[in-house]
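Quick note on UniProt numbering: the sequence shown kicks off at 38 and runs consecutively. In this text, a Cβ means the ideal position worked out from N, Cα and C, and glycines have one as well. Here the structure is a predicted model, which is why all the values come from computation and not from measurement.
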Amino acid sequence: QSDAFTYDPGFTSTASCESKITFIDGDQGVLLHRGYPIDQLASQSSFLETCYLLLHGELPTAAEYETFENTITRHTMLHAQFDRFFDGFRRDAHPMAVMTGAVGALSAFYHDSLDIHDAQQREISAHRLIAKMPTIAARAFKYSVGQPFVHPKNNLSYAENFLRMCFAVPAEDYVVDPALVRAMDRIFILHADHEQNASTSTVRLAGSSGANPFACIAAGIACLWGPSHGGANEEALNMLREIGTPEKIPEFIAGVKDRRYKLMGFGHRVYKNYDPRAKVMQTSAYEVLAATGRENDPLFQVAKELEAVALKDEFFIERKLFPNVDFYSGITLSAMGFPTTMFTVLFALARTVGWIAQWKEMIEDPGQKIGRPRQLYTGATQRDFVPLSQRG
Ligand code: SDX
């Protein structure tokens, strides 16, 4: 049993909630999930093991893991009627628009059989969401490229099942490099949970009213889409493409200092040191580029050079701006064959377990009440109404 400890932030806490799931020390660049460092989970566990840990607080035994993996695998199918839901979107709809709509629509299939105060039904909701997100995400991708949907297969691992649903086509057998499966699984681990970030706080606030978890996760997806949050991985790759070559870096840095651009994939509300996920993501980028024959990907050279220049520049040093999880993820996902529009979809797929674990923790808190943030009112003081006829 892990020794629970209460971290004294050293200031009068303005914390929005108490949680036992994830701990971040932004100054030291530390990220723990239920006490386990992110780099150890990324290098030694699987995404489904990390899912079990986030949901239940302890790493699973072999028997617990086998049961959990079987349950998730057998919930990956979508209701046949769900196919028609996708047809309502324009082909060029951003996959995040499809994800927001499709996951919200899941509540139409399950909400009336769901008592969120029943522990077993909460568990089933968590399993359904973790299991079905890859199928929905893959369909959002297939729909956007006009290819037929590929159904999940129960004899594949979570990550391989997802890659196959995205990239298999009826005309040929699908073969994937195990290095890419491992990289996909690791990328899911890196994005699984991150304390009370904007989208997790959105899920908690929506859930605090008693809304069903599918609708709450859809709210989290909508929030994650923003370019300052989960949308940054798409923007970071677009930024690297815009810069194009290392020679253009000084001009870009000058633009950042003039406030004309942000260095996407840099900076963080909490980390004022290197985001520990960014280090693991950079290693994954090397491995995926090597596995796909792109060791000399010019954008990776630009990214490494840009990072080296920024880390030595006073503007970034005095503002404590370091690479975050989004800086290298775009290059990695692009090398795996994903278009930029799918990057935040993958983030949402992985973050679903964090959102649902935090939602569960909140619902299971006996003292839980509806969230009701207050404000500092700076508007007009009380005054009497003036009829239109007297307002000139
Ligand atoms: C994620 O919360 C989470 O945990 C989120 C996340 C998760 O896992 O859920 O970690 C995922 O969202 C990572 C962040 C992804 N976003 C980006 O990479 C977009 C680029 N980064 C920024 O927009 C920015 O860094 C934020 C939004 C992430 C944080 O913004 P803040 O809170 O304003 O940062 P700050 O207070 O530390 O800024 C200090 C200064 C400011 O300049 P001054 O007004 O003091 O002159 O640094 C500047 C900021 O304008 N600044 C940047 C910058 N980030 C902050 N300047 C240029 N480029 C940047 N990226």
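Which value, in whole angstroms, describes the spacing of the CA atoms of residue i and residue j?
i, j, result
"Ala-99", "Glu-106", "10 Å"
"Asp-124", "Leu-200", "22 Å"
"Ser-50", "Asp-230", "Note on Ser-50: pLDDT 47, under 50, position unreliable in the model; the coordinate value appears next. If I take the Cα positions, the gap works out to 21 Å."
"Ser-83", "Ile-226", "7 Å"
"Arg-306", "Gln-319", "21 Å"
"Phe-353", "Lys-341", "16 Å"
"Arg-165", "Tyr-180", "22 Å"
"Met-276", "His-154", "45 Å"
"Ala-252", "Val-423", "43 Å"
"Asp-120", "Arg-128", "14 Å"
"residue 457", "Ala-79", "The structure shown has nothing for residue 457, since the chain only spans 38 to 429."
"Leu-68", "Tyr-147", "34 Å"
"Leu-425", "Pro-410", "35 Å"
"His-131", "Gly-268", "12 Å"
"Gln-419", "Gly-408", "27 Å"
"Ala-235", "His-228", "14 Å"
"Cys-203", "Met-114", "15 Å"
"Ser-265", "Thr-369", "20 Å"
"residue 5", "Phe-122", "Since the first and last residues shown for the chain are 38 and 429, residue 5 lies out of range."
"Gly-374", "Glu-209", "17 Å"
"Thr-237", "Gly-429", "49 Å"
"Thr-415", "Asp-152", "41 Å"
"Phe-42", "Tyr-73", "Residue confidence for Phe-42 is low, a pLDDT of 48 falling below 50, so the modelled location carries little weight; the figure read from the coordinates is stated next. Whole-angstrom Cα-Cα distance: 14 Å."
Hey, would you say the C-beta of residue i is under 7 Å away from at least one heavy atom of ligand 1?
i, result
"Asn-361", "yes"
"Arg-223", "no"
"Phe-303", "yes"
"Ser-265", "yes"
"His-70", "no"
"His-231", "yes"
"Asn-107", "no"
"Ala-322", "no"
"Asn-234", "yes"
"Ala-269", "yes"
"Leu-358", "yes"
"Lys-299", "yes"
"Val-293", "yes"
"Val-307", "yes"
Under 8 Å by Cβ, that's how I've got residue i and residue j pegged, so tell me the actual separation to the nearest angstrom.
i, j, result
"Leu-274", "Ser-371", "6 Å"
"Val-390", "Ile-167", "5 Å"
"Ile-61", "Arg-71", "No, Ile-61 and Arg-71 are not in contact; Cβ-Cβ is about 13 Å, not under 8 Å."
"Gly-94", "Tyr-311", "No, Gly-94 and Tyr-311 are not in contact; Cβ-Cβ is about 28 Å, not under 8 Å."
"Thr-239", "Gly-257", "5 Å"
"Trp-396", "Gly-244", "5 Å"
"Tyr-308", "Phe-384", "17 Å between Cβ atoms; not a contact."
"Ala-142", "Val-382", "Wrong, their Cβ atoms sit about 16 Å apart, outside the cutoff."
"Ile-280", "Val-346", "Ile-280 to Val-346, Cβ: 11 Å. No contact."
"Ala-337", "Leu-326", "Note on identity: in this sequence residue 337 is Phe, with Ala being the wrong assignment. Indeed, because the Cβ distance is near 6 Å, the residues count as touching under 8 Å."
"Leu-343", "Ile-286", "5 Å"
"Lys-169", "His-112", "7 Å"
"Ala-322", "Leu-217", "Ala-322 to Leu-217, Cβ: 12 Å. No contact."
"Leu-300", "Arg-388", "The Cβ separation is near 23 Å, so there is no contact."
"Tyr-298", "Gly-292", "5 Å"
Quick check on this structure: which residue in the options has the alpha carbon closest to the alpha carbon of residue i?
i, options, result
"Glu-271", "Gly-302, Gly-429, Gly-330", "Gly-302"
"Ala-220", "Cys-54, Gly-429, Leu-151, Gln-81", "Gln-81"
"Ala-394", "Ala-163, Asp-421, Ala-216, Val-206", "Ala-163"
"Thr-172", "Glu-398, Arg-411, Leu-386, Tyr-308", "Leu-386"
"Ala-380", "Ile-290, Gly-263, Ile-407, Glu-324", "According to the sequence as given, residue 380 is Phe; it is not Ala. Measuring from the Cα of Phe-380, the nearest candidate turns out to be Gly-263."
"Glu-101", "His-112, Thr-87, Thr-113, Met-114", "Thr-87"
"Glu-197", "Tyr-211, Gln-184, Val-206", "Tyr-211"
"Ser-56", "Arg-241, Arg-297, Leu-115", "Arg-241"
"Ala-177", "Ile-109, Ile-400, Tyr-414, Thr-378", "Thr-378"
"Ser-53", "Thr-415, Gly-429, Gln-405", "Gln-405"
"Gln-157", "Arg-297, Ile-400, Ala-417, Thr-415", "Ile-400"
"Gly-63", "Lys-357, Gln-427, Glu-288", "Lys-357"
"Phe-364", "Val-317, Pro-403, Glu-332, Ile-75", "Val-317"
"Glu-232", "Tyr-414, Arg-331, Pro-376, Ile-75", "Ile-75"
"Gly-183", "Arg-296, Gln-427, Gln-77, Phe-126", "Phe-126"
"residue 494", "Thr-137, Gln-77, Leu-91, Val-213", "No answer is possible for residue 494: it lies beyond the span of the chain, which begins at 38 and ends at 429."
"Val-206", "Pro-185, Val-213, Arg-223", "Pro-185"
"Met-133", "Asp-222, Ala-259, Ile-109, Tyr-89", "Ala-259"
"Asn-192", "Leu-96, Ile-109, Tyr-89", "Ile-109"
"Glu-351", "Val-339, Asp-402, Lys-294", "Lys-294"
If you measure from the beta carbon of residue i to each beta carbon in chain C, is any gap under 8 Å?
i, result
"Ile-61", "Although the question refers to chain C, the structure presented lacks it and comprises just one protein chain."
Completely contained alpha helix (DSSP H) runs for the segment 163-190, where each covers 4 or more residues: Whole alpha helix (DSSP H) segments, 4+ residues: zero.
Length-filtered (4 minimum) alpha helix (DSSP H) runs lying within the segment 391-427: For the segment 391-427, not a single whole alpha helix (DSSP H) run of length 4 or above is found.
Within the segment 180-241, ranges of the alpha helix (DSSP H) (whole runs, at least 4 residues): Restricted to the segment 180-241, the alpha helix (DSSP H) segments that are unbroken, complete and at least 4 residues in length are 195-204, 215-227, listed in chain order.
In chain order, each beta strand (DSSP E) run of at least 3 residues that lies wholly inside the segment 319-386: Segments of the beta strand (DSSP E) lying fully in the segment 319-386: there are none.
Ordered list of alpha helix (DSSP H) runs contained in the segment 279-312, each at least 4 residues: Correct list: 286-294.
Any beta strand (DSSP E) of 3 or more consecutive residues that is wholly inside the segment 46-80: Secondary structure in the segment 46-80: the beta strand (DSSP E) runs of 3 residues or longer, each lying completely within the stretch, are 59-62, 67-70 in chain order.
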